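Just so you know, our numbering puts 328 at position 85 of the sequence shown, and the rest follows in order with no gaps.
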Amino acid sequence: MENNREFIISTDTNSDLPFSFIDENNINLMGLGYTMDGVTRFSDDRTIDPHDFYERMRAGGMPTTMQINPEQAEKSFEALVTQGFDVLHIAFSSGLSGSYNSAEMGAAEVRERYPEAKVVVIDSLSASLGQGLMVYYAVQLKKAGKSLEETAAWIESHRQNFLHYFTVEDLNHLYRGGRVSKATAVFGTMLGIKPVMYVDAEGHLVPMGKVRGRKQSMLELINRMGPKMEGMDNEIVFISHGDALDEAKFCAEEIKKKYKIKNFLFNYVGPTIGAHSGPGTIAIFFLGKDRTEGK
């Protein structure tokens with residue numbers, strides 16, 4: 244029997260999409276949690292002020308984060324299924340968190356209870372607005388009349404084409420999260436060395452170079468985009484930032500001049516990723532050549 248159920252696109256707050264985009268496109272959103280100064284909040288709380296979050300980090304606040312849990316995912320999916328919807332959930336990278344596994348466990352419970360429903364969970368192997376860009380393309384496919392299966396197949400076959408290039412202001416946050424060594428953090432900070440990093444084929448954060456100086460680190464990200472964009476039809480570039488909108492806009496202007504990209508989406512790196520990357524993070528996301536082909 245043909246399934247005529249409408250499907251809802253779902254994601255988690257580590258996609259860092261603006262709430263306006265979430266609302267306009269009827270996206271189901273699961274919030275990851277964080278604790279700072281003894282207070283626990285979830286990132287789908289719209290009263291959170293990202294600027295205030297980063298100011299507290301600058302003042303020495305050290306947030307800790309929590310992943311999605313299976314019960315949370317199960318409850319979220321069940322609420323949609325009982326309204327008659329199928330679900331396509333695009334989850335935060337399994338290379339960085341257990342949130343994908345939790346979402347899959349929750350989905351399995353719902354599938355067992357409601358066998359007529361489809362609940363598909365995709366491991367984005369992506370983070371921040373890289374994951375958000377994946378959701379953006381899923382929305383475009385749905386608007387074009389593609390089915391859940393067709394949309395999921397396109398996303399899965401293009402996962403390695405969602406490229407993430409980023410740099411940070413302060414290496415100590417990456418050190419605290421186990422992303423760089425203490426020596427790298429100490430000497431890099433002393434010498435003004437900025438890492439240039441990317442997300443690899445397994446969805447892990449990986450260094451791909453280092454440069455001296457803030458402006459040079461941003462220009463390095465932009466220069467590295469060129470070879471990866473050749474022959475690709477990029478309609479939009481997403482840029483997320485750790486309370487550094489002016490620098491994000493500087494990057495957009497340089498990208499516009501260099502690659503003729505016209506459309507950009509900006510947003511904060513949300514608290515549950517920002518807790519690890521820190522204030523001043525700049526991250527650029529675009530469709531490009533396969534991640535497995537090297538940096």
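Note that the Cβ used here is the ideal one computed from N, Cα and C, for glycine as well.
It should be emphasised that the depicted structure is a prediction, and the values quoted were computed from it without experimental measurement.
Tell me whether the beta-carbon of residue i lies closer than 8 angstroms to the beta-carbon of residue j.
i: residue 484; j: residue 416; result: no
i: residue 419; j: residue 436; result: no
i: residue 274; j: residue 369; result: no
i: residue 477; j: residue 530; result: yes
i: residue 511; j: residue 533; result: no
i: residue 251; j: residue 330; result: yes
i: residue 365; j: residue 332; result: yes
i: residue 315; j: residue 340; result: no
i: residue 312; j: residue 263; result: no
Can you give the Cα-Cα distance for residue i and residue j, rounded to whole angstroms?
i: residue 526; j: residue 327; result: 37 angstroms
i: residue 540; j: residue 376; result: Residue 540 falls outside the range modelled here, since the chain spans only 244 to 538, and no answer is possible.
i: residue 411; j: residue 438; result: 7 angstroms
i: residue 259; j: residue 475; result: 24 angstroms
i: residue 296; j: residue 514; result: 7 angstroms
i: residue 267; j: residue 379; result: 12 angstroms
i: residue 405; j: residue 528; result: 7 angstroms
i: residue 337; j: residue 372; result: 16 angstroms
i: residue 460; j: residue 359; result: 51 angstroms
i: residue 293; j: residue 308; result: 15 angstroms
i: residue 501; j: residue 402; result: 25 angstroms
i: residue 397; j: residue 382; result: 12 angstroms
i: residue 458; j: residue 504; result: 20 angstroms
i: residue 277; j: residue 448; result: 20 angstroms
i: residue 453; j: residue 261; result: 30 angstroms
i: residue 471; j: residue 400; result: 17 angstroms
i: residue 463; j: residue 384; result: 32 angstroms
i: residue 442; j: residue 535; result: 11 angstroms
i: residue 494; j: residue 468; result: 12 angstroms
i: residue 247; j: residue 361; result: 11 angstroms
i: residue 283; j: residue 392; result: 37 angstroms
i: residue 321; j: residue 351; result: 11 angstroms
i: residue 347; j: residue 317; result: 9 angstroms
i: residue 444; j: residue 407; result: 11 angstroms
i: residue 265; j: residue 323; result: 16 angstroms
Excluding sequence positions up to five away, which residues of its chain have a Cβ less than 7 angstroms from the Cβ of residue i?
i: residue 244; result: Note that residue 244 scores a pLDDT of 40, beneath 50, so its modelled location is shaky and nothing firm can be said.
i: residue 335; result: 255, 257, 342, 343, 367, 370, 374
i: residue 488; result: 509
i: residue 302; result: none
i: residue 289; result: 262
Taking 6 angstroms as the limit between beta carbons, can you name the residues of its chain near residue i, skipping five residues before and five after?
i: residue 413; result: 521
i: residue 479; result: 506
i: residue 356; result: none
i: residue 279; result: 304, 306
i: residue 281; result: none
i: residue 509; result: 482, 491
i: residue 363; result: 331, 395
i: residue 450; result: 438, 440
i: residue 517; result: 485
i: residue 547; result: Given a span of 244 to 538 for the chain in the structure shown, any question on residue 547 remains unanswerable.
Leaving aside the five residues before and after residue i along the sequence, list all residues of the same chain whose C-beta is less than 8 angstroms from its C-beta, in chain order.
i: residue 256; result: 272, 273, 274, 275, 285, 286, 287, 513, 515
i: residue 319; result: 253, 271, 273, 349
i: residue 249; result: 327, 328, 329
i: residue 325; result: 357
i: residue 390; result: 250
Buried or exposed for residue i, going by 16 or more other Cβ atoms inside 10 Å?
i: residue 496; result: exposed
i: residue 524; result: buried
i: residue 394; result: buried
i: residue 409; result: buried
i: residue 298; result: exposed
i: residue 473; result: exposed
Please confirm if residue i has its CB atom under 8 angstroms from at least one CB of chain D.
i: residue 353; result: Chain labels in this structure do not include chain D; a single protein chain is all it has.
Is residue i near the ligand PLP, with its Cβ less than 7 angstroms from a heavy atom?
i: residue 377; result: Among the components of this structure there are no ligands whatsoever, and the ligand PLP is therefore not found.
Give the list of continuous beta strand (DSSP E) stretches no shorter than 3 residues that lie fully inside the region 316-346. Taken in chain order, the complete beta strand (DSSP E) segments of 3 or more residues contained in the region 316-346 are 329-334.
Restricting to runs no shorter than 4 residues, where is the alpha helix (DSSP H) found entirely within the region 427-499? Complete alpha helix (DSSP H) runs here, min 4: 457-472.
Which ranges does the beta strand (DSSP E) cover as unbroken runs of at least 3 residues, wholly within the region 349-410, from first to last along the chain? The region 349-410 contains these whole beta strand (DSSP E) runs: 362-366, 405-410.
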